[in-house]
Amino acid sequence: MAEKTAKGKSSIMQQFEKTFRHTRSNSFGTRGRYKSSCRKFIEFLNEKFKLKNLKNLHDKHLVSYIEYRQDQGVAAKTLKNDLAAIRFMHDMLPEAKYTLSDNDGLKKNYSISLDKTPAIKGDRAWTNEEYRKMQKLALEVYRDNGTGARTAKDVHSVMTLCRTMGLRVTEAVAMTRSQAEQALRTGVYQVKNEAKNGKWRQVPVSMAARNVLEKKLRETPRGGRFFVRENEKTHRAVNRIEKFLYNNRKKIETQEGVELRTWQKDGVTHINELTFHGLRYAYVQDRVQQEIGKGFTAEQAAQRVTKEVGHERTDVIYVYLAKKNKKDKKNK
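Reminder that position 267 of the sequence shown reads as 266 in numbering that gives the first Met the number 0, one-by-one numbering, no gaps.
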């Protein structure tokens, strides 16, 4: 466990808050955006590295965070803004041990891609068997009614929403009762401000998702949210649910899935881990094939699906398709 203070905040969270409390650099709005970006970074450092002192920030921490955020599907522009915020904070630290590389340095020294058009880094999709096995495991933990039972139940439902509607994990976790009620009435779910790019979009409600929403409505009071507990922040709920996946994913991996998510670059073999974002990969791949089955070309199918998942560019869809797109794209 990361070291916590008496108030429940990690030492680096306290250092971060103290740093921003005493600065007047930049406009109020910019400081607010930078503070929000850095808070997410601090939470990541605390969880991933158990870092005790911000003066020990190193390029390796930036690289790991970049990979984590890219795994979540964060846009290059957003990620670059995050890095600017982190460097702003780092510049204010009085005894920083290391100099953080600029974006060009990170690209050169660590083969990090920050380009607008995202690089295809292999497939991230789950196999159907892996999806079923994780759903089964989550139900078993819930029914055992031990530690983590409620989170396991949340995981089961959130997985269904991500896999069958293509929602991002934060979009699913932030769902409110009123949003669900409207979705059940209209057959269309309205993604609102919880979208990472701020763009509202409408997503058809799948039959599996409809079952989840109807059940959660019976369990959730008016004005409530399905997966965020009382006095819990949304990002905390997301972290709680993601942690269950991270702690259990090795138990349900299949050989087929590992081979699917294995890719190479510069002679080095990489294997993508199972993540909630990988459920969106599986959703996009299914949807594109459905549209192609209706007679659309691969490009036309990508154009139709990209709006469903909150993007406006087909090149992002080709990232989701990974190596599957190459043949189709040539034959469109």
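For every residue, glycine included, the Cβ atom is placed at its ideal position computed from N, Cα and C. Since the model is a prediction, treat every value here as computed from it, not as a measurement.
Suppose the cutoff is 7 Å on Cβ atoms and the five residues either side in sequence are ignored; what does the same chain contact list for residue i look like?
i: residue 132; result: 251
i: residue 140; result: 147, 148, 151
i: residue 64; result: 40, 43
i: residue 124; result: 259, 277, 280, 281, 284
i: residue 312; result: 305
i: residue 95; result: 54, 56, 89
i: residue 16; result: none
i: residue 111; result: 62, 65, 105
Considering just the uninterrupted stretch of the alpha helix (DSSP H) at residue i, what are its terminal residues?
i: residue 188; result: Where residue 188 is concerned, there is no enclosing alpha helix (DSSP H), although the beta strand (DSSP E) it sits in stretches over 187-190.
i: residue 268; result: Run containing residue 268: none in the alpha helix (DSSP H); it sits in the beta strand (DSSP E), 267-270.
i: residue 73; result: Taken as a continuous stretch (DSSP letters only), residue 73 belongs to no alpha helix (DSSP H), as it is neither H nor E.
i: residue 228; result: From DSSP, residue 228 is part of no alpha helix (DSSP H); its letter is neither H nor E.
i: residue 101; result: Segment: none, residue 101 is in no alpha helix (DSSP H) and carries neither H nor E.
i: residue 276; result: 275-292
i: residue 207; result: 206-218
i: residue 43; result: 27-47
i: residue 312; result: Looking at the DSSP string, residue 312 is not in any alpha helix (DSSP H), and its letter there is neither H nor E.
i: residue 123; result: Here residue 123 belongs to no alpha helix (DSSP H), and DSSP marks it neither H nor E.
i: residue 152; result: 148-164
Suppose the cutoff is 6 Å on Cβ atoms and the five residues either side in sequence are ignored; what does the same chain contact list for residue i look like?
i: residue 0; result: Confidence at residue 0 is low in this model, with a pLDDT of 41, below 50, so its placement is unreliable and the value that follows should be read with caution. Excluding residues within five positions, none has a Cβ falling inside 6 Å.
i: residue 102; result: 113
i: residue 368; result: Because residue 368 is not part of the residues shown, which for the chain are 0 to 331, the question remains open.
i: residue 205; result: 163, 164
i: residue 319; result: 280, 283
i: residue 286; result: 304
i: residue 57; result: 97
i: residue 236; result: 172, 226, 227
Using a Cβ-Cβ cutoff of less than 8 Å, which residues in the same chain neighbour residue i once the five nearest sequence positions on both sides are dropped?
i: residue 157; result: 168, 171, 172, 226, 240, 275
i: residue 216; result: 176, 179, 180, 183
i: residue 18; result: 53, 88, 91, 92
i: residue 78; result: 65, 68, 69, 113
From this set, the options, which residue's C-alpha is nearest residue i's C-alpha?
i: residue 232; options: 272, 174, 284; result: 174
i: residue 160; options: 38, 308, 143; result: 308
i: residue 13; options: 203, 254, 37; result: 37
i: residue 52; options: 89, 267, 292, 303; result: 89
i: residue 55; options: 135, 219, 10, 293; result: 10
i: residue 166; options: 304, 22, 17; result: 304
i: residue 272; options: 265, 260, 278; result: 260
i: residue 138; options: 154, 128, 123, 129; result: 154
i: residue 202; options: 210, 122, 190; result: 190
i: residue 265; options: 35, 62, 109; result: 109
i: residue 209; options: 185, 220, 199; result: 185
i: residue 244; options: 289, 48, 136; result: 136
i: residue 100; options: 310, 200, 60, 47; result: 60
Is residue i buried or exposed, if buried means 16 or more other CB atoms sit within 10 Å of its CB?
i: residue 330; result: Low per-residue confidence applies at residue 330: pLDDT is 39, beneath 50, and the placement is therefore not dependable, though the value from the model is reported in the following sentence. Exposed, since its Cβ has fewer than 16 Cβ neighbours within 10 Å.
i: residue 126; result: buried
i: residue 207; result: exposed
i: residue 5; result: The predicted position of residue 5 is uncertain, since its pLDDT is 43 and thus under 50; no value can be drawn from it.
i: residue 142; result: exposed
i: residue 187; result: exposed
i: residue 27; result: exposed
i: residue 230; result: exposed
i: residue 325; result: With a pLDDT of 41 at residue 325, under the threshold of 50, the predicted position of this residue should be treated as unreliable, though the coordinate-derived value follows. Exposed.
i: residue 256; result: buried
i: residue 224; result: buried
i: residue 222; result: exposed
i: residue 128; result: exposed
i: residue 72; result: buried
i: residue 267; result: exposed
i: residue 35; result: exposed
i: residue 310; result: buried
Along the chain, where does the beta strand (DSSP E) that runs through residue i open and close?
i: residue 200; result: 200-203
i: residue 261; result: 261-264
What residues match up with residue i in a beta bridge as DSSP calls it?
i: residue 305; result: None; residue 305 has no bridge partner.
i: residue 175; result: 224
Would residue i count as contacting chain C if we go by Cβ distances under 8 Å?
i: residue 85; result: The question asks about chain C, but that chain is absent: this structure has only one protein chain.
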